[in-house]
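Trainee:
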């Protein structure tokens with residue numbers, strides 16, 4: 026997930042949605058006793074820290090559209 030978020034530049038909300046979906050699948054696997062623990066339940070996704078330049082660029086692009 027970190028690779029998708031930081032290197033492939035997917036949005037934070039998309040990664041959160043992927044994590045939630047994957048979490049549900051693994052919870053189901055636990056309920057059917059295919060797995061003992063859910064390895065993704067402890068994964069934390071930290072938001073990217075944007076520099077001032079990146080925020081200004083983002084604001085300019087949002088105004089232009």
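Residue numbers (my numbering): 26 to 90.
We treat Cβ as the ideally placed atom computed from N, Cα and C, and that holds for glycine.
Just so we're clear, the structure is a prediction, and the values are computed from it rather than from any experiment.
1. Reducing DSSP to helix, strand and coil, say where residue 83 ends up.
2. Could you tell me the alpha carbon to alpha carbon distance between residue 73 and residue 60, rounded to whole angstroms?
3. Taking just the CA atoms, how far does residue 45 sit from residue 33?
4. Measuring only the C-alpha atoms, how far is residue 77 from residue 54?
Mentor: A quick look at the data gives this:
1. In the chain shown, the residue the question calls residue 83 occupies position 58. Helix, per DSSP.
2. What you label residue 73 is simply residue 48 of the chain shown in a count that begins at 1. What you label residue 60 is simply residue 35 of the chain shown in a count that begins at 1. Roughly 32 Å between the two C-alpha positions.
3. Sequence index remark: in the chain shown, residue 33 carries index 8 (1-based). Sequence index remark: in the chain shown, residue 45 carries index 20 (1-based). Cα-Cα distance, rounded: 19 Å.
4. Residue 77 sits at position 52 when you count from the first residue of the chain shown. Residue 54 sits at position 29 when you count from the first residue of the chain shown. The alpha-carbon atoms of residue 77 and residue 54 are separated by roughly 44 Å.
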